[in-house]
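2 protein chains.
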Amino acid sequence: MDLSERKLSILKAVIDDYIMTGFPVGSRTISKKHGFELSSATIRNEMADLEELGFLDQPHTSAGRIPSHKAYRYYVDRMMKVARLNAAEAGKIRSYFEDRMSEIEQVMEKAAQVLSETTHQISMVLRPQLKQSLIKSIQMVKITERKAILLVVTNAGLVKDSVIVVPEGISSDYMEMISRLLTDKLSGKTLEDAEKDLITGLNENVRENSDLVDDIVEAIETSVEPHGRKGIVLGGTQNIIDFPAYMSVEKAKNFISVLESKDMLYDMMKKASQLEFSVTIGHENEAEELSDMSVVTATYKIGGKSLGSFGVIGPTRMDYSKIVSILGYVSNSLNSILSDFTEIGD
Amino acid sequence: MDLSERKLSILKAVIDDYIMTGFPVGSRTISKKHGFELSSATIRNEMADLEELGFLDQPHTSAGRIPSHKAYRYYVDRMMKVARLNAAEAGKIRSYFEDRMSEIEQVMEKAAQVLSETTHQISMVLRPQLKQSLIKSIQMVKITERKAILLVVTNAGLVKDSVIVVPEGISSDYMEMISRLLTDKLSGKTLEDAEKDLITGLNENVRENSDLVDDIVEAIETSVEPHGRKGIVLGGTQNIIDFPAYMSVEKAKNFISVLESKDMLYDMMKKASQLEFSVTIGHENEAEELSDMSVVTATYKIGGKSLGSFGVIGPTRMDYSKIVSILGYVSNSLNSILSDFTEIGD
DNA sequence: GTTAGCACTCAATCAAGTCGAGTGCTAACA
DNA sequence: TGTTAGCACTCGACTTGATTGAGTGCTAAC
């Protein structure tokens, strides 16, 4: 089935406009906004034809037209030009795939997940502040010809286990040598310091493998500041549709954007990590935006030290007793899991 | 500030009822549902007092009462009993923390995340079907006194890297021996078969360390069927609030529950993994529930073989051209990342 | 084939009216 | 003095009807 040139361009205009705006498109709009040299009446005639052919639908008599499923199909099959992504978007996608999660990171994600699913609220987890943890050892293990796993073990446990590519022909012995070298040089230092040291001090010893060194440095870097974002993991943001105060889509979006900026949450959670439990109700929240929300938090420990907090946020009408008991259980679970990471005895 | 016994129990009844139902609570409700031996009029008097004291609010003159923030605070501080979690809930929480993600799992999560954030739709990623991948080698590496990392390498790359606890006093040499033993015994087999073999065949050799064997079996188990759930990762479910068709909260919840059951999605994605790209619009979807949704999918390869698919789902009104180009880019990224996992040369 | 003109349609919006859950108050009762 | 029945009152939720205006289809002229 072939359409005339003109019908085609009108159809395309309708589809484009509707995809952009979401409102039914009228004949006048087409003739004005899309630069046709035709009057709205003419467009109307053509649109009537397109409707008869099944490409356009009319929600009701006096509304504009919207593309039918058939129109989308036609558009996808025959009219659509697939643009290349611009650099910014491509970069964004790439950066997502570039960082891996450490064991601890994973536990944080799991915690966020389980909290939101059991409480039906939005959950928040503050990542542990690892900058100051001390390195115990660094090991590289060859797993295939050109791949190795780098393990960074600190007094807060295993914080990084990432796959790195190694130059061909490196022996297991050589790797072990490097591992020992790294451990000697860095053990006892904080992750933060280690990062600096590595860049300046290591190159001489393994100059011939500077790519490898770069990979190692990068791995340690991302273990200090994973993702480079504020250290909050959110979970269950879809639960917002259960919040009665946000029946209006407008408000809900607004709140979501508050959550996503994360600054406010970060400050809150940071403060909360002082107290084993905290319940903040409505106006007690410092932030204006949260005056009809409640926040319940608890803390987790790594190596006996309270290193971070987690909790939920939701409407003041929440089942506090249940939530507190869940938080308590999760706190225990986290402490025991995280202490598993930490070795006893030093 | 102390309240009379009766006021207290009325306040508690209001809070409990309101937390349950979400509707303002009337005096009649209290006197009936909560088993008071008082008439509604008496309750009304008490409620009027409680309102004056600031514990109850009235949305408007002729409505029931809702607890004020002050009431919640009082409740949390003085009245609330924190129950112990029942076994089912505790179990659910524990099971979340029990499984770790393999490298590949992580990549899947990242893909879901980046897709939903760039397209503003709900994203779906089908986990690779690994049952049939062949084991290349198995290695255990001691990282601290009582911890080791178990690495399972297949022809689809590294599929599992989990921390396991080992009995005290096991030497690195002994571990290397076990690694070699496992590799000899299992290399060339599929993960599925390996699992069965392990349970029956290995115990004799390392009988004294049956806990260790159990851990290893479990690790391989979860790499075959991670999480034990249908193999779909969802992302960006909060984007549902941007779907105009789901302005009504009722419908939105309904759709979310369709998503969460996953059966339908699983079948769809499984089918989609045959085609490099697919666009399914509106009624073209087999499922009734999705007749006003469109699904766009693409596939990823591991070791040159198309092992899974991913895509987005949203209202038929979506920017197909942009979405297809994003999917294309993600497909390329995934292929190159996943082929990094796979070693060249066998 | 194109366009101006005009009657027509129908969702969206708003005002007025009705309904009913729940209240506060009063007076009687234990 | 505390409790209760009775009743007028309030006000949001819902219904109904009128109004508006964007956009159409059709006709007749160009």
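First to last, the protein sequences are chains A and B. In terms of my numbering, the first sequence is residues 1 to 346. In terms of my numbering, the second sequence is residues 1 to 346. C-beta: ideal position from N, C-alpha, C; glycine also. Since the model is a prediction, treat every value here as computed from it, not as a measurement.
(1) Name the residue from B:Ser210, B:Ile138 and B:Val125 whose alpha carbon lies nearest to the alpha carbon of Pro167 of chain B.
(2) Mind checking the region 298–316 of chain A against chain B and listing, in chain order, the residues whose C-beta falls within less than 8 Å of any C-beta there?
(3) Can you give the Cα-Cα distance for Asp99 of chain A and Asp17 of chain B, rounded to whole angstroms?
(4) Can you list, in chain order, the residues of the region 92–104 of chain A whose Cβ is nearer than 7 Å to any Cβ on chain B?
(5) Taking the runs of the alpha helix (DSSP H) that are 4 residues or longer, which of them lie wholly in the region 127–188 of chain A?
(6) Any chance the region 276–283 of chain A sits against the region 63–73 of chain B, with 3 or more Cβ pairs inside 8 Å?
(7) If contact means a Cβ-Cβ distance below 8 Å, which residues of the region 69–80 of chain B contact chain A?
(8) According to DSSP, is Ala13 of chain A helix, strand or coil?
(9) Report the residue from B:Leu234, B:Lys301, B:Ser291 and B:Leu338 whose alpha carbon sits nearest the alpha carbon of Ser68 of chain A.
(10) For Val295 of chain B and Gly311 of chain B, which I take to be in contact (beta-carbon distance under 8 Å), what is that distance rounded to the nearest angstrom?
(11) Provide the residue(s) that pair with Pro315 of chain B in DSSP beta bridges, ordered along the chain.
(12) At which residues does the alpha helix (DSSP H) containing Thr280 of chain A begin and terminate?
(13) Along the chain, where does the beta strand (DSSP E) that runs through Gly91 of chain B open and close?
(14) At a CB-CB cut-off below 9 Å, which residues of chain B make contact with Gly26 of chain A?
(15) Applying the criterion that 16 or more other CB atoms from any shown protein chain within 10 Å of the CB defines a buried residue, is Ile337 of chain A buried or exposed?
(16) Can you pull the chain A residues whose beta carbon is under 7 Å from the beta carbon of Glu176 of chain B, in chain order?
(17) What number of angstroms, rounded off, separates the C-alpha of Met101 of chain B from the C-alpha of Ile149 of chain B?
(18) Specify the secondary structure class of Val107 of chain B as computed by DSSP and reduced to three states.
(19) Along the alpha helix (DSSP H) that carries Leu265 of chain B, what are the first and last residues, could you check?
(20) Out of A:Lys7, A:Met80, A:Ile104 and A:Val114, which has the shortest C-alpha to C-alpha gap to Tyr96 of chain B?
(21) Can you tell which of A:Leu53, A:Ile220 and A:Gly35 has the C-alpha that lies nearest to the C-alpha of Val153 of chain A?
(22) So the candidates are A:Ile326, A:Phe243 and A:Thr119; which of them puts its Cα closest to the Cα of Val82 of chain B?
(23) Count the other C-beta atoms from every protein chain shown that fall within 10 angstroms of the C-beta of Met20 of chain A, then say buried if there are 16 or more, exposed otherwise.
(24) For Gly228 of chain B and Lys147 of chain A, I'd like the C-alpha separation in whole angstroms.
(25) Using a beta-carbon distance cut-off of less than 7 Å, what residues from the region 11–40 of chain B approach chain A?
(26) Specify the secondary structure class of Val76 of chain A as computed by DSSP and reduced to three states.
(27) According to a CB-to-CB cut-off of less than 8 Å, which residues of the region 279–297 of chain A neighbour chain B?
(28) Out of curiosity, what's the CA-to-CA distance linking Lys271 of chain B and Arg317 of chain B?
The short version:
(1) On the second sequence, residue 167 of chain B is found 167 positions in, with the first residue counted as 1. The candidate whose alpha carbon is nearest that of Pro167 of chain B is B:Ser210.
(2) Thr316
(3) For this step, residue 99 of chain A is matched to residue 99 along the first sequence. For this step, residue 17 of chain B is matched to residue 17 along the second sequence. Going by the C-alpha atoms only, they are around 47 Å apart.
(4) Lys92, Ile93, Arg94, Tyr96, Phe97, Arg100, Met101 and Glu103
(5) 172–186
(6) yes
(7) His69, Tyr72, Arg73, Tyr75, Val76 and Met80
(8) Along the first sequence, read from residue 1 onward, the residue named residue 13 of chain A stands at position 13. Correct three-state label for Ala13 of chain A: helix.
(9) By one-based count along the first sequence, residue 68 of chain A stands at place 68. Minimum Cα distance to Ser68 of chain A is reached at B:Ser291.
(10) As a working mapping, residue 295 of chain B is identified with position 295 in the second sequence. As a working mapping, residue 311 of chain B is identified with position 311 in the second sequence. Indeed, because the Cβ distance is near 6 Å, the residues count as touching under 8 Å.
(11) In the second sequence, residue 315 of chain B corresponds to position 315, counting from 1. BP columns for Pro315 of chain B point to B:Met293.
(12) The residue you call residue 280 of chain A lines up with position 280 of the first sequence. Run containing Thr280 of chain A: none in the alpha helix (DSSP H); it sits in the beta strand (DSSP E), Phe277 to Ile281.
(13) The sequence position of residue 91 of chain B within the second sequence is 91, counting from 1. Gly91 of chain B -> not in any beta strand (DSSP E); alpha helix (DSSP H) instead, spanning Ala87 to Glu98.
(14) Your numbering for residue 26 of chain A matches position 26 in the first sequence. Within chain B, no residue comes near Gly26 of chain A; the closest Cβ sits about 17 Å away, beyond 9 Å.
(15) The residue labelled residue 337 of chain A in the question sits at position 337 within the first sequence. Buried is the call here.
(16) Taking the second sequence and counting its residues from 1, the one referred to as residue 176 of chain B is at position 176. None at all; the shortest Cβ gap to chain A is about 11 Å.
(17) Here residue 101 of chain B refers to the residue found at position 101 of the second sequence. Here residue 149 of chain B refers to the residue found at position 149 of the second sequence. The alpha-carbon atoms of Met101 of chain B and Ile149 of chain B are separated by roughly 13 Å.
(18) Numbered from 1 along the second sequence, position 107 holds the residue referred to as residue 107 of chain B. DSSP places Val107 of chain B in helix when its eight states are reduced to three.
(19) For the purposes of this step, residue 265 of chain B is taken as residue 265 along the second sequence, with counting starting at 1. Residues Asp263 to Ala272.
(20) Counted from its first residue, the second sequence places residue 96 of chain B at position 96. Among A:Lys7, A:Met80, A:Ile104 and A:Val114, the Cα nearest to that of Tyr96 of chain B is on A:Val114.
(21) Locating residue 153 of chain A in the first sequence gives position 153, counting from the first residue. Val153 of chain A has its Cα closest to that of A:Ile220, out of A:Leu53, A:Ile220 and A:Gly35.
(22) Taking the second sequence and counting its residues from 1, the one referred to as residue 82 of chain B is at position 82. Of the listed residues, the one whose Cα sits closest to Val82 of chain B is A:Ile326.
(23) Walking along the first sequence from the start, residue 20 of chain A turns up at place 20. By the 10 Å Cβ count, Met20 of chain A comes out exposed.
(24) Indexing the second sequence from 1 puts residue 228 of chain B at position 228. Indexing the first sequence from 1 puts residue 147 of chain A at position 147. With a pLDDT of 47 at Gly228 of chain B, under the threshold of 50, the predicted position of this residue should be treated as unreliable, though the coordinate-derived value follows. Taking the straight line joining both Cα atoms gives about 29 Å.
(25) Tyr18, Ile19 and Gly22
(26) Stepping through the first sequence from its first residue, residue 76 of chain A is reached at position 76. The answer is helix: DSSP assigns Val76 of chain A an H, G or I state.
(27) Val279, Ile281, Gly282, His283, Glu284 and Ser294
(28) In the second sequence, residue 271 of chain B corresponds to position 271, counting from 1. In the second sequence, residue 317 of chain B corresponds to position 317, counting from 1. Cα-Cα distance, rounded: 23 Å.
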